[in-house]
Amino acid sequence: MTLPRRRLLLAAAAAPFAAPAAAPAAAPAAARGQAPGHPLAAAPWEAVLAEARGRPVFFNAWGGDDRTNAFIAWAGTRLRERHGIDLRHVRLRDTSEAVARVVAEKAAGRTGGGSVDLVWINGPNFLAMKEQGLLFGPFLDRLPNARFIDREGKPSTMLDFTVPVEGLAAPWRMAQVVFIADAARVPDPPRSMEALAAWARANPGRTTHPNVRNFMGVTFLKQALYELAPDPAALLRPATEEALRPAADALWAWYDRLRPNLWRGGRQFPENGPAQRPLMLDGELDLYITFNPSEAAVAIAGNQLPATARPFVLDRGTIGNTSFVAIPFNAANAAAAMVAADFLLSAEAQAHGADPRVLGNPTVLDLAALPPAERARFAALPRSPAILQPEALGRPLQEPHPSWMTRITAEWESRYGR
Amino acid sequence: MLRAAPWLTAALFLGPIAAGLAGTLLPAFGWLPALGGTAVSLEPWRALLAAPGLGRAVLLTLGTGFAATLLSFALVIAFCAATQGRTLARRAQAALAPLLATPHAALAIGFAFLVAPSGWIARALSPWATGWDRPPDWATVNDPWGLALVAGLTLKEVPYLLLMAFAGLGQIRAAEAMRAAAALGYGPVTGWLKVVLPQLYPQLRLPLYAVLAFSLSVVDVALILGPGAPPTLSALVLRWFADRDLAMWFPAAAGAVLLLALVLGGILAWRVGERVAAAAGRRWIATGGRGGAGRALRCGAPALMGLLLAANAAALLVLLAWSFAGPWRFPEALPSAFTLATWRAQVQALAQPAMATLAVALAATALALLLALACLEAEQRHGLRPGRRALLMIWLPLLLPQLAFLFGWQVALVRLDLDGTAGAVVWTHLLFVLPYVFLSLADPWRALDPRHARAAAALGAGPWRVFWAVKCRLLLRPLLVAAAVGFAVSAGLYLPTLFAGGGRIATLTTEAVTLAAGADRRVLGAYAALQALMPLAAYAAAVAVPSFLHRDRRGMRPA
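Listed in order, the protein sequences are those of chains F and G. Every letter in the first sequence is one number past the one before it in the numbering used here, and letter 229, counting from 1, is 229. For the numbering used here, count along the second sequence from 1 and bump the result up by 1000.
Below, the structure is given as structure tokens:
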């Protein structure tokens, strides 16, 4: 093949990719007002509602938990009834899939009509979208229900993994690390990560953590990091090499002691958090980590955990965070997505999610700020002995900066994933 | 018009594959201007080689792919050799069709439910035989060596290869050859291996390559049954393609090209193996050993095949059992109660992917039937002679790893503004549906006695009337079977739906694979059971409809 022909062929074949280039590196670091001049930014709420009616919302949300899936399906029913919105749950294996899709669309020059309308997001995924200017908004304070958010009492609704949310995402559920133990087998569960390693040595194969590529798995390691890092305060700043090395060394030293005593000898891990439930139900696990303080109560009611499953937290506290929904800058149905985000913030949706028969998730709202009729929805919820009340949970530890999650995952992969 | 049908088909077919391969090859060498890749470089390959776990992933891929293919091949050959001319062969054939219809993902999920340490087998044997009151800490699924993956693939590939072998046996005069061999004093098994296998093998070659390519590059089964850290190469590449850091697309593309090289190299290695085996076989034949009665194989092979068919059936059954289960604790052999609660709770969530599965499968199958019939009819009316190249083209999508061209094809779809549309998904499904539809239709179509058509023409019927009233009517059964095959293929596709659907088109397969990572087994059971039942229903319809229509025509019922 002669040279000119080859060049021609390359150019022809590359034509599909020759889109207006937008190198991610060139994107502005600070991303306030990512969709400037968007007509929805100033439209009255009635106009937003009117535009939303009859539109679909492609809600990209991790689909690994059938309880959450059922909650989203319920929200879809209510949104159809109330606002004529067709909420469609795009079930992701990992939230990064949706981020990648939006990045790809931006790279292809698609600034409107994007395929993701709403995405369940936090942590590194949120930071990535925010840094690359991929988010619509700020829209949070356009939502009527946003004024009920408990911004003071639950700072993680405004500060996601130390990253200011700046109205680019709307909180919709609170999460806090708790551990579940089968009280029939573990009457006195370990109250620190160090004690967990000792317990595992005495009870090999009886605990595990989810795959570290899954947010729950790496959270297990971050929880240990809080206890083991020489300077836990450094976790709240971006992970520099100087801060990472001593912390990571302490973490891996502890982990190397723990791992051989994990389920399957620490060579195999459940894919995600919910995958641990059947393992405990079957009796393979006696103890595991979760992000939902009501996990035990909800799962016992659904025959997914033994009736003796009980939650507990660590003496020095556990990590808490907030789940958000965000709207990509090129969402095809941004108005409908805003209405959906607002509905997720409504007392009705929050109380439904807080119901231990549904999700049992702590609300993001400040109950005291709610009108009495709305507050009554929460008072009417059933209680369960398998739910830790807020006093027992303790004030949550703040999530480390997202860079810690990314670095720890990468180190784990290169240490144990080969 | 009709003369152009083969060309149109080729264009619909080769366009996406060519665009897809180019769109994967170029980023593999650093060329993807939209992401700032404007210089050809080897950087993606350096990044690929530095990726943790790559070496093991490649070894795993090769090990599991070859093991599954060799095992399936050996089982099929052993069974055919052991049952030549016996009624067992015909009975096995009848049991095969429903198994073929089962999507890979559903079977893999069912198989996991069966063999997991807390699976049905352990439950049935505990505690009375095993003494277990809790499951053993054994890695029987997702094991680091990929044994569960090999077993799951073998479970699915054996029925396919066996059907292909039966079809091949129908084309050679196996019974006569066996009689001659017996007259010369050869034992039944030895005789079969020496006389029939060399004639059968060429018919099995392409199906075997397809099985090898599939086993080396499969994603959904690997996600469900394969190891996780590291996974097989295909699962690793898929993970990189889904990374939020799009810079990972470059090493991912390089990984997809590496996978392509593994598959092509694997086929080449198999080809070399064929030569070696043929040479050794000829020497073995020339020694003239007659062999004994082959009693061990004549009992063992059917027993193994029976075990495999039973495992297939049990895998489906356990899905249903879970979907109707109330509380079901280890080690209870059966749920303590059966309930409709799961189905009732999931019916709404199931409806959308079920409808999407149905719509896409029907559209892709209808299109494939139309194109296949147009090609076959054009062949007969215009006396076209499809050569080896045409056959290879038909097989191409089955011989290439899906990942190697689906990513590039997705990029092209984005440029065409077609990604995430039903049209894109149907088109992409067509690439995989058409080969199966065409291959299962071509033989009966070409074999139809031309005198039927000539007689009709002599009676004044035009070519379209002959086509419709004579050929389609006479070939209704194979037509519907081909349609059912196409439907089953489409309903089971994972990666093509994922890439072309952009997440917006979710089928039962994509949902089941997503749920397989950790959902409640009852919910997963419902998804996978429905996923398996839809193609089964299509098969049942394909068998029942002609029987009903031809209930008063004895000559048109199957022999």
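For glycine and all other residues, C-beta sits at the position ideal for the given N, C-alpha and C.
{"Asked": "Spatial distance of G64(F) from I1394(G) (CA atoms)", "Found": "37 Å"}
{"Asked": "Range of the contiguous beta strand (DSSP E) that encloses T322(F)", "Found": "G320 to A326"}
{"Asked": "Residues of its chain near S1041(G), where Cβ-Cβ distance is below 6 Å and the 5 sequence neighbours each way are ignored", "Found": "G1030"}
{"Asked": "M1355(G) classed as buried or exposed, judged by whether at least 16 other C-beta atoms fall within 10 angstroms", "Found": "exposed"}
{"Asked": "Chain-ordered chain F contacts of S1118(G) [CB-CB under 9 Å]", "Found": "P278, L279, L281, D282, G283 and E284"}
{"Asked": "Pairwise C-alpha distance: G1146(G) and T1064(G)", "Found": "6 Å"}
{"Asked": "C-alpha gap between V90(F) and R213(F), whole angstroms", "Found": "20 Å"}
{"Asked": "Exposure label - E1379(G); buried when at least 16 CB within 10 Å", "Found": "buried"}
{"Asked": "Chain F contact residues for V1276(G), given Cβ-Cβ distances below 7 Å", "Found": "Within chain F, no residue comes near V1276(G); the closest Cβ sits about 33 Å away, beyond 7 Å."}
{"Asked": "Buried or exposed (CB count within 10 angstroms, at least 16 for buried), R1344(G)", "Found": "exposed"}
{"Asked": "Neighbouring residues, chain G, relative to S115(F) (Cβ below 9 Å)", "Found": "D1419, G1420, G1502, G1503 and R1504"}
{"Asked": "Cβ distance (whole Å) where A1092(G) is taken to contact L1162(G) below 8 Å", "Found": "7 Å"}
{"Asked": "Proximity of D355(F) and L388(F) at Cβ, strictly below 7 Å", "Found": "no"}
{"Asked": "Listed by chain order, chain G residues near N211(F) by CB distance under 8 Å", "Found": "G1228 and A1229"}
{"Asked": "Any 3 or more C-beta pairs closer than 8 Å across the stretch 1035 to 1049 of chain G and the stretch 1401 to 1419 of chain G", "Found": "no"}
{"Asked": "Exposure of V1115(G), with buried meaning 16 or more beta-carbon neighbours within 10 Å", "Found": "buried"}
{"Asked": "Length of the line joining the Cα atoms of S1440(G) and A1303(G)", "Found": "29 Å"}
{"Asked": "8 Å CB neighbourhood of R32(F) in its chain, flanking five on each side removed", "Found": "At R32(F), the pLDDT of 47 sits below 50, so the modelled position is not reliable; the number obtained from the coordinates is stated separately. Here the set comprises P138 and E166."}
{"Asked": "7 Å Cβ shell around A1453(G) - same chain, five flanking residues per side excluded", "Found": "V1466, V1470 and K1471"}
{"Asked": "Coarse secondary structure for W1128(G), derived from DSSP in three states", "Found": "coil"}
{"Asked": "For V1425(G), the three-state DSSP class (helix, strand or coil)", "Found": "helix"}
{"Asked": "Counted within 10 angstroms of its Cβ, other Cβ atoms place R1282(G) as buried (16 or more) or exposed", "Found": "exposed"}
{"Asked": "Pairwise C-alpha distance: A1517(G) and I1224(G)", "Found": "7 Å"}
{"Asked": "Residues from the stretch 1425 to 1447 of chain G in contact with chain F, defined by Cβ distance under 9 Å", "Found": "none"}
{"Asked": "Separation of T1497(G) from A1180(G), as counted between CA atoms", "Found": "51 Å"}
{"Asked": "Chain G within 7 Å of Q132(F), Cβ atoms only", "Found": "no"}
{"Asked": "C-alpha gap between A175(F) and R237(F), whole angstroms", "Found": "21 Å"}
{"Asked": "Buried versus exposed, by CB contacts within 10 Å (16 or more), Q1171(G)", "Found": "exposed"}
{"Asked": "Identity of the residue in L228(F), E391(F), E399(F) and T240(F) nearest N122(F) by Cα", "Found": "E399(F)"}
{"Asked": "Cβ neighbour criterion (16 or more within 10 Å) applied to A1256(G)", "Found": "buried"}
{"Asked": "Short CB-CB distance (under 7 Å) between F1330(G) and chain F", "Found": "yes"}
{"Asked": "Between the CA atoms of G1266(G) and L1319(G) - distance to the nearest angstrom", "Found": "34 Å"}
{"Asked": "When G84(F), E97(F), S403(F) and Y416(F) are compared against M1248(G), the one with the closest alpha-carbon", "Found": "E97(F)"}
{"Asked": "Cβ pair count under 8 Å reaching 3, the stretch 1426 to 1440 of chain G against the stretch 1283 to 1295 of chain G", "Found": "no"}
{"Asked": "Burial state of C1080(G) (16 or more Cβ within 10 Å)", "Found": "buried"}
{"Asked": "Straight-line gap, A1280(G) to A1105(G) (C-alpha atoms, nearest Å)", "Found": "38 Å"}
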